[in-house]
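Below is one structure, written out as structure tokens; the observations come after it.
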Amino acid sequence: VISCNRFDELHLASQDAPLSGTDRTEFEVHLAACPACVRRVAGYVTVVGLLQGLDAADKAREPAPLPEELVRRVLAARRAEPGASRARHAG
Amino acid sequence: MPSPARPETVVDVRTVEAALIVRLKAGEELAFEELVRAHGPRMLAVARRFLPQEADAQDAVQDAFLNVSKSIQGFSGESRLSTWLHRVVVNCALMRIRTRTRRHEEPIEGATLEAAAVPRGPLSGLPGPAALLAGEETREKVRDCLARVPEAFRAVLLLRDVEGMELTEVGRLLDIGLSTVKGRLHRGRHALRLLLEAALEEPRT
Chain C
1 VISCNRFDEL
11 HLASQDAPLS
21 GTDRTEFEVH
31 LAACPACVRR
41 VAGYVTVVGL
51 LQGLDAADKA
61 REPAPLPEEL
71 VRRVLAARRA
81 EPGASRARHA
91 G
Chain X
1001 MPSPARPETV
1011 VDVRTVEAAL
1021 IVRLKAGEEL
1031 AFEELVRAHG
1041 PRMLAVARRF
1051 LPQEADAQDA
1061 VQDAFLNVSK
1071 SIQGFSGESR
1081 LSTWLHRVVV
1091 NCALMRIRTR
1101 TRRHEEPIEG
1111 ATLEAAAVPR
1121 GPLSGLPGPA
1131 ALLAGEETRE
1141 KVRDCLARVP
1151 EAFRAVLLLR
1161 DVEGMELTEV
1171 GRLLDIGLST
1181 VKGRLHRGRH
1191 ALRLLLEAAL
1201 EEPRT
């Protein structure tokens, strides 16, 4: 039976590509036998779900406008850049 | 008869974007200001996730726009402008994190606060993420918890679990090895879990 640390390694690996062969068997055997790892993985699933859910919720909303001071600072910094002399106002 | 709005809207967005890019490439200052005002708010929101200190996040946004100004000539238009800007501001935020993390490598890698604690598990008794995040109050709590995760761990969490990058790509962007990426991801998830458990199990009366 693999250790919980080895289980974590396999759990991470399984998120980049499906496990196969011995790795998959060892992962499944450990998962069935270790309630602590089951709880930990379930907790991570919830954490990742909350992060992704927050991202989706933020993308669905129109963010507040940029602080005007930041807009001015960005525009001034760009004007101060070498080569900014090409910049021109639209007619 | 009005025609169906959706396809036209998509075409309009692409057309407006293409026109803006032409003006940006021509060096038109007003076009640059339009870009800042239109895309800056989302870029600042992204930067704030990586850099909760407002001054740092704003500096990253400024860096991003200066990079965009310098490299707009090379923008091919194959990806959406918003996708490109997202990547640029993430890179600028990571640049700041990389610099700071190198200076404080030991304390961050040696952090034991999260690793030593044992999850109590109340997260498993809560509703699913969608239901939890329906309220702004909970979303704010999740943001606060994320902001309290140590910076180097938070960056890995965001790149992996939100941006969906492979671990090797995360390592390349942060200039750290794969085993360090895995360690930070593990610790970051664990830390965030503990923080969320504490925040979300508070009496919701």
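Residue numbers (this note's numbering), protein chains in the order written: chain C, 1 to 91; chain X, 1001 to 1205. We put the beta carbon where it would ideally sit given N, CA and C, even for glycine.
Among the CB atoms of chain X, one or more fall inside 8 Å of the CB of E81 (chain C). An exposed status is given to P82 (chain C), since fewer than 16 other beta-carbon atoms sit within 10 Å of its beta-carbon. Taking 8 Å as the cut-off, the beta carbon of Q1058 (chain X) is found closer than this to the beta carbon of L70 (chain C). If you look at F1050 (chain X), you'll find it in the alpha helix (DSSP H) that goes E1029 to F1050. Chain X has no Cβ within less than 8 Å of the Cβ of R24 (chain C).
Following the DSSP letters along the chain, one finds C4 (chain C) inside the alpha helix (DSSP H) bounded by residues C4 to D16. For chain C, none of the residues of the stretch 1071–1103 of chain X brings a beta carbon within less than 9 Å of one of its beta carbons. In its chain, beyond the 5 residues on either side, no residue has a beta carbon closer than 7 Å to the beta carbon of T25 (chain C). Between the stretch 1089–1096 of chain X and the stretch 1038–1054 of chain X there are three or more inter-stretch CB-CB distances shorter than 8 Å, so the stretches are counted as touching. Counted as a single uninterrupted DSSP element, the alpha helix (DSSP H) harbouring V1156 (chain X) occupies residues E1151 to L1157. In the structure shown, Q1053 (chain X) adopts coil according to DSSP, grouped into three states. Between V48 (chain C) and chain X, the shortest Cβ-Cβ separation is below 8 Å. D55 (chain C) and E1166 (chain X) do not touch by the CB rule: their CB atoms are close to 18 Å apart, not below 8 Å. Contact with chain C is absent for V1156 (chain X), since none of that chain's Cβ atoms lies less than 8 Å from the residue's Cβ. From the beta-carbon of L75 (chain C), the residues of chain X found nearer than 8 Å are E1029, F1032, E1033 and V1036.
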